[in-house]
Structures are given as structure tokens and as C-alpha cells.
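The working numbering applies: residue 329 is where the sequence shown begins, and numbers increase by one.
All C-beta atoms, glycine included, are put in the ideal place defined by N, C-alpha and C.
Note that the coordinates shown come from a computational prediction; the quantities given were computed from them, not determined experimentally.
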Amino acid sequence: MNIRKLDSGLLIRLFLVSFTIVNIYPLLFTFFTSFKTSEEFFADIWALPQQWLFDNYKQAFEVGRLGEYFYNSVVIALVSLVLVTVMGTFAAYALARLHVPFSGAIVGLLLVIQILPTESMVLPLYMMMSKLKLLGVTYVPITSAYIGWLLPGTIVILRNFFLSVPSELLESARIDGSSELHTMFRIVFPLSGGAIATCTVLNFCFVWGELLWAQISTLTTEKGIPITVGLLNFQGQYATNWGLMTAAICMILIPLVLLFVFLQKYFVQGLTSGAIKG
């Protein structure tokens, strides 16, 4: 029995180590490549940089207009996340705790929408935006699409968490004369910080890294271009400047890392509480 336990434990550790290496190596490769010249990269893509060329970061930010694209992505992310979080939270609470007619059917419809790949919605969405003359309006096509795509999943996740809140707490608050709005802000929302943080991190990762719709919706304009589309500037017709490209990618990853670091406690709490109460 001890040998079997030892073997199983060793296999688990080997699997975790292998999984970690597979996931970390692309990040390390990108990081080291960001300090290389084009000549160094094509001479040996696996070698460490001979000189740490910080000029790649400066050129990526200035020549590649990374600052402008970064600002656009921040605006798009903030608007999308704030609206999705506010609307999703209230809608989820209504479906979980208020007597909404056909709430089960509504949740089922949201799940169906969530299952559909976003790529299948790009063409009808583009046609609708074109007919409404919204494609040339800065930020509107991108943010409105992201809100529509992220709301169903956010509502479903938060609704499931709100259902796990003990009904006794809500009933006692109502008996004490607390209004529904007061109950939400004083009891439900403070308990759901982990779930909201989980949705925020997942939604931000989607908004920050989405490319297909961002590229299609900005084909006819030079305004409001997000950072994922801006990365294509480093790709030429016949060659790609991998030093500048990877330097830009490293800078793009910084907000994702910072967000996860600051919300890590609540993010893990939201995942574990959902697993325990699920």
C-alpha cells in the first residue's frame, strides 16, 4: 500500500511539474526573445540574448503606437467590465431571489447563448452594426459586442452563487424592515465578493485578449483600435520583427498579471466556494 501511495504521489508530482513547464516555457521564450535583435532571433531562436536590448520596449511603445492602443484597450475594458458587472449582478439577483416569471427558461436560454461560439455571431453582428451606422463610432461596436457576449456567463455564475446565500439571512433582514435594495447591498453583495472577482478576472482576460471582432469592427476606422489589433503593426507582409512583437506582448501581459495579483485572494475564494457549494 505504501509503495502504491508513493507511486501515485510521484506520478502526480511529475504531472504537475510537466504541466507547469509546458505553461511557463512559452512565457519565458517570449520574455527572452523580447531582448533580442532580429539577427539574434533568426540565428538561434532557442539561445538566450547576447545583449539585453531594452530598446525593443522603447521602440514598441513609440514606433508601434503601443501607448495609444493601450489607452483604447483600457477604456474598452473598463466600460465593458463596469456595465457587465452592474447589469449582471442585478439580473442574477433577480433571477435567484425574486419571483421572476419563467426564470428557469431564461437561465436555460442564457446557457444556450453561452455555449454558442463568439465566432458564429461575428457576421450577423457586423451586418447589424453596419445597418445601424455604428461601425464608425469609436468604442461602441466593440464594447456593445463584449457586453452582449459576457453578460450571459456572468449572470449564470452570479445567480448560482446568490442561490447559495442562506435564505434565513435574507428573511431576517426583511423581517427587520430592510428593503430589497438594502438587503442586496448590505448582505448579499458583501458575501459575493469572490464570485464577482472571479467574473471580473475572467471577463477582463477575454476583453483584453479578443482579436477577431476587434479587428473586424475597426477595419474602416483608425480610432479606438485596441492593443490586440495594434500588435499586427509589427507583422509585415514578408517578415515579422519578433523582438518588437514579443516586447509588446510582454507589456500587454502586465495588466493581466497585476489584476490577478490584486484579486488572487478573492478569485481563489470564488472558485473554491463555487466548487464546495456547487
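Query                                                                                                                                                                     : Result
For the alpha helix (DSSP H) containing Pro445, name the first residue and the last one.                                                                                  : Premise fails: Pro445 is in no alpha helix (DSSP H) and is neither H nor E.
For Glu550 and Arg393, what's the separation of their Cα atoms in angstroms?                                                                                              : 12 Å
Could you tell me if Ile544 is buried or exposed, where buried requires 16 or more neighbouring beta carbons within 10 angstroms of its beta carbon?                      : buried
Mind checking Glu538: buried by the 16 CB within 10 Å criterion, or exposed?                                                                                              : buried
Near Thr556, which residues of its chain fall below 7 Å by C-beta distance, leaving aside the five closest residues on each side in sequence?                             : Gly537, Glu538, Leu539, Ala542
Determine whether the Cβ of Phe513 lies closer than 8 Å to any Cβ atom of chain D.                                                                                        : Looking at the structure shown, chain D is missing, and only one protein chain is on hand.
Just the C-alpha distance for Ile475 and Gln378, rounded to the nearest angstrom, thanks.                                                                                 : 45 Å
Taking 7 Å as the limit between beta carbons, can you name the residues of its chain near Ile580, skipping five residues before and five after?                           : Ile555
Looking at the secondary structure, which residues open and close the alpha helix (DSSP H) in which Thr556 lies?                                                          : 555-558
If Glu412 sits next to Leu355, beta carbons under 8 Å apart, how far is it from one beta carbon to the other, in whole angstroms?                                         : The question names Glu, but residue 412 in the sequence shown is Val. Going by Cβ atoms, the distance from Val412 to Leu355 rounds to 28 Å, so no, they are not a contact pair.
Note the first and the last residue of the continuous alpha helix (DSSP H) segment covering Arg514.                                                                       : Where Arg514 is concerned, there is no enclosing alpha helix (DSSP H), given that its DSSP letter is neither H nor E.
Apply the 10 Å Cβ neighbour rule to Ala567 and answer buried if 16 or more other Cβ atoms are within range, or exposed otherwise.                                         : exposed
Can you list, in chain order, the residues of its chain with a C-beta nearer than 6 Å to that of Leu462? Leave out the 5 residues immediately preceding and following it. : Val468, Pro469
CA-CA distance, Leu444 and Val350?                                                                                                                                        : 29 Å
Return the chain-ordered list of same chain residues with a C-beta closer than 7 Å to the C-beta of Leu519, the five sequence neighbours on each side being excluded.     : Val493
Mind checking whether Gly571 and Thr365 have CB atoms under 8 Å apart?                                                                                                    : yes
Tell me the start and end of each unbroken alpha helix (DSSP H) in the segment 367-437 that is at least 4 residues and wholly inside, in chain order.                     : 383-390, 394-425
Restricting to Cα atoms, I'd like to know which of Ile515, Met573, Asn400, Thr482 is closest to Leu498.                                                                   : Ile515
Ala420 and Phe490 - do their beta-carbons sit closer together than 8 Å?                                                                                                   : yes
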